[in-house]
Amino acid sequence: MIPYASIVRRLYGAVRATAPRPETPPEPLPFHRSDWSAELVAQPTAETTPDARAAFEAQFRETYGLQPDTTVALVGSGRTSLDLGLSVLRQARPGRRKVVLPTYCCSALIQPIADNGLTAVFIDTTEQLISTRDQYVEALGPDVLAVIVVNLCGRRLPTEDMDAIIRACRAAGAYAIEDNCQDTTRHHGSDAFDASMYSFGFAKPIRATAGGALAIRGHGEVAAAQLAGYADQPDHAPATRLRYYATRYGWPNNEIDTAEFSAARVEFGRVKMSALDITLAQESLRRLPAAQALVNSHSQEIWRAIQQNVVIRPRTAAAPPPRNTFVRWPIILPSPDIANLFWSHMNALGIELEGMYKPLHLTYEGEKIGKLAVAESIYTRIYNIPNRANLDRDALSRIISALRSFSTDRLDAR
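Taking my numbering, the leading residue of the sequence shown gets 343, the next gets one more, and so forth.
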């Protein structure tokens, strides 16, 4: 048996391998699963009164521990929330034209930066998939308007590091923005971020067909005035999105009208969050503690399986974050070839994986701080496994068994 280290050294240039397939194809285990009922999809109902919107906002504030001086704007998407936030902040400091953010994060952050006439400044990430305090702070300069601290896949910096970034931004005359689209953890630091952005998309911890929120301090009147000019979404748009997601991820035998769905994707414009999405997000928020308990339980079992596999364990991302609610579990493999083999192995067992981000600096214009080598390395050898609250025991057992049984023996045999 060739030692593991020797296997890794010999992998460069290896041909993509495939796992042996069982005689009977296994039942697919989908990455996402909708739990919206057929009755809801057939007759989507939404409470459209101002009281309903206020009730959701109050529930949302309580969940994230937002301070009384924080203004909340409910908009069409997480992307729209950043667009509104940057629009407000650049008016306050018009001479500053740069926004610092990790290169390894969701591409939805790029368009709002460009739409506001600003320049992205990319920093590297780490094997834990989040950038460090020093990486953020060292990117500050006299022309930086804001720093976006991204909590990726539920992972976040320690509170003391968050506080240090906020203090450094204040000292440099920049704003500190928290991207909380993939996390539901309160910030318990000594000071609050100047703004925070949230997403209520289908694959987020607080789920609707779309939606987002901007929480901003010190600029509430300007944000409210801009929000007043945002359009309402046509009623058919959220209802169509609901039908699409429920069909695509719940009832696979139903037909999907992708053209109709594409026409309903209006949430990324300067629009308000729809009444239907507020209703869906409020129900998701009500279920959040139970969902969080399930995901945390799943996370611990998955983590133990990862720790038992000598191939995955040496390079995978850190242990699950506390109070984890995110639907994806990122697995970092030692090399691209082992990542390909991992995909083949899981696919042969019917377990659907998702890819991860391509570093933003490889696709979009902007400035770079350093070589960004960690992000460029990670994205070629990472896959996400499902970690959703509605995994049943059989599905979770299949994932754990697949993680334990993965090996690189077939690569070595070649």
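For each residue, glycine too, the CB sits at the ideal point set by N, CA and C.
Is residue i helix, strand or coil by DSSP?
{"i": "GLU709", "result": "strand"}
{"i": "ILE548", "result": "coil"}
{"i": "TYR354", "result": "Bear in mind that the predicted position of TYR354 carries a pLDDT of just 31, short of 50, making it unreliable; the figure below should be weighed with that in mind. Reduced to three states, the DSSP call for TYR354 is coil."}
{"i": "SER639", "result": "helix"}
{"i": "LEU675", "result": "coil"}
{"i": "VAL564", "result": "helix"}
{"i": "ILE741", "result": "helix"}
{"i": "VAL653", "result": "coil"}
{"i": "ARG497", "result": "coil"}
{"i": "THR412", "result": "strand"}
{"i": "TYR591", "result": "helix"}
{"i": "PHE402", "result": "helix"}
{"i": "ALA537", "result": "strand"}
{"i": "ALA659", "result": "coil"}
{"i": "PHE464", "result": "strand"}
{"i": "LEU424", "result": "helix"}
{"i": "GLN728", "result": "For the record, residue 728 in the displayed sequence is Pro; it is not Gln. The answer is strand: DSSP assigns PRO728 an E or B state."}
{"i": "ARG432", "result": "helix"}
{"i": "PRO372", "result": "coil"}
{"i": "ASP521", "result": "strand"}
Report the CB separation of residue i from residue j in whole angstroms; it is logged as a contact under 8 angstroms.
{"i": "VAL492", "j": "ASP521", "result": "4 angstroms"}
{"i": "LEU675", "j": "ILE548", "result": "Not a contact, Cβ separation roughly 30 angstroms."}
{"i": "SER538", "j": "ILE519", "result": "7 angstroms"}
{"i": "GLN470", "j": "ALA660", "result": "5 angstroms"}
{"i": "TRP685", "j": "ILE644", "result": "Contact doesn't hold; Cβ gap of about 17 angstroms is too wide."}
Check whether the Cβ atoms of residue i and residue j sit closer than 8 angstroms, and answer yes or no.
{"i": "THR467", "j": "THR445", "result": "yes"}
{"i": "ARG730", "j": "VAL669", "result": "yes"}
{"i": "VAL414", "j": "ARG403", "result": "yes"}
{"i": "LYS440", "j": "ASP485", "result": "yes"}
{"i": "ARG375", "j": "TYR591", "result": "yes"}
{"i": "VAL417", "j": "LYS614", "result": "yes"}
{"i": "GLY526", "j": "THR621", "result": "The amino acid occupying residue 526 in the given sequence is Thr; Gly does not appear at that position. No, the Cβ-Cβ distance between THR526 and THR621 is not below 8 angstroms."}
{"i": "ARG612", "j": "SER677", "result": "no"}
{"i": "VAL564", "j": "ILE490", "result": "no"}
{"i": "PHE610", "j": "SER449", "result": "no"}
{"i": "LEU494", "j": "HIS640", "result": "no"}
{"i": "ARG528", "j": "PRO663", "result": "no"}
{"i": "ALA388", "j": "ALA617", "result": "yes"}
{"i": "PRO368", "j": "LEU738", "result": "no"}
{"i": "GLU602", "j": "THR582", "result": "yes"}
{"i": "ALA550", "j": "ALA623", "result": "yes"}
{"i": "ASP794", "j": "ALA552", "result": "This structure leaves residue 794 out entirely; the chain is present only between 343 and 756."}
{"i": "ALA516", "j": "ILE711", "result": "no"}
Measure the alpha-carbon distance for residue i versus residue j and round it to whole angstroms.
{"i": "TYR699", "j": "ASN726", "result": "10 angstroms"}
{"i": "ALA506", "j": "THR474", "result": "11 angstroms"}
{"i": "ARG735", "j": "ASP574", "result": "41 angstroms"}
{"i": "ARG628", "j": "THR750", "result": "43 angstroms"}
{"i": "ALA755", "j": "HIS687", "result": "For ALA755, the predicted model reports a pLDDT of 49, less than 50, meaning its position is unreliable; a value from the coordinates is still stated below. Taking the straight line joining both Cα atoms gives about 16 angstroms."}
{"i": "SER626", "j": "ALA488", "result": "31 angstroms"}
{"i": "PHE373", "j": "ASP536", "result": "35 angstroms"}
{"i": "THR390", "j": "THR600", "result": "27 angstroms"}
{"i": "ARG432", "j": "ASN638", "result": "39 angstroms"}
{"i": "GLU709", "j": "ARG438", "result": "15 angstroms"}
{"i": "CYS511", "j": "LEU584", "result": "40 angstroms"}
{"i": "ALA635", "j": "ARG435", "result": "42 angstroms"}
{"i": "LEU499", "j": "GLN385", "result": "42 angstroms"}
{"i": "ARG607", "j": "ARG646", "result": "39 angstroms"}
{"i": "TRP378", "j": "ASP476", "result": "43 angstroms"}
{"i": "GLU707", "j": "SER743", "result": "42 angstroms"}
{"i": "ARG746", "j": "ASN689", "result": "15 angstroms"}
{"i": "GLN453", "j": "CYS447", "result": "13 angstroms"}
{"i": "GLU578", "j": "GLN524", "result": "Correcting the residue type first, residue 578 is His in the shown sequence and not Glu. So the alpha carbons of these two residues sit roughly 27 angstroms apart."}
{"i": "ILE349", "j": "TYR586", "result": "Low confidence applies to ILE349: its pLDDT is 32, below 50, so where it sits in the model is not reliable, and the reading given next is rough at best. ILE349 and TYR586: Cα-Cα distance of roughly 45 angstroms."}
{"i": "LEU371", "j": "ARG395", "result": "36 angstroms"}
{"i": "ARG514", "j": "GLY562", "result": "The question names Arg, yet the displayed sequence has Ala at residue 514. Each residue's Cα considered, the two are about 22 angstroms apart."}
{"i": "ARG358", "j": "GLN650", "result": "Its pLDDT being 35, under 50, ARG358 is placed unreliably in this model, and the coordinates cannot settle the point."}
{"i": "ILE680", "j": "GLU718", "result": "16 angstroms"}
{"i": "GLY543", "j": "PRO576", "result": "18 angstroms"}
{"i": "TYR721", "j": "VAL383", "result": "37 angstroms"}
{"i": "PRO410", "j": "GLN642", "result": "35 angstroms"}
{"i": "LEU408", "j": "ILE472", "result": "23 angstroms"}
{"i": "ASN458", "j": "LEU451", "result": "12 angstroms"}
{"i": "GLY560", "j": "PRO728", "result": "39 angstroms"}
{"i": "ILE673", "j": "PRO392", "result": "43 angstroms"}
{"i": "GLY571", "j": "PRO656", "result": "52 angstroms"}
Please tell me whether, using a cut-off of 7 angstroms, the distance from the CB of residue i to the nearest non-hydrogen atom of the ligand NAP is below it.
{"i": "ALA462", "result": "Questions concerning the ligand NAP fall outside what the structure shown contains, since it holds no ligand whatsoever."}
At the 8 angstroms Cβ level, is residue i part of the contact set with chain B, yes or no?
{"i": "PHE603", "result": "Among the chains in the structure shown there is no chain B, since it carries only a single protein chain."}
Exercise. Counting pairs of Cβ atoms below 8 angstroms between the segment 546-560 and the segment 421-428, do you hit three or more?
Worked result: Yes: at least three Cβ pairs fall under 8 angstroms.
For this session: Taking 8 angstroms as the threshold, find out whether the segment 386-400 comes into contact with the segment 527-539 through three or more Cβ pairs.
Result: No, because fewer than three Cβ pairs between the segment 386-400 and the segment 527-539 fall closer than 8 angstroms, the two stretches do not touch.
Exercise. Counting pairs of Cβ atoms below 8 angstroms between the segment 458-466 and the segment 701-709, do you hit three or more?
Worked result: By the criterion of at least three beta-carbon pairs nearer than 8 angstroms, the segment 458-466 is in contact with the segment 701-709.
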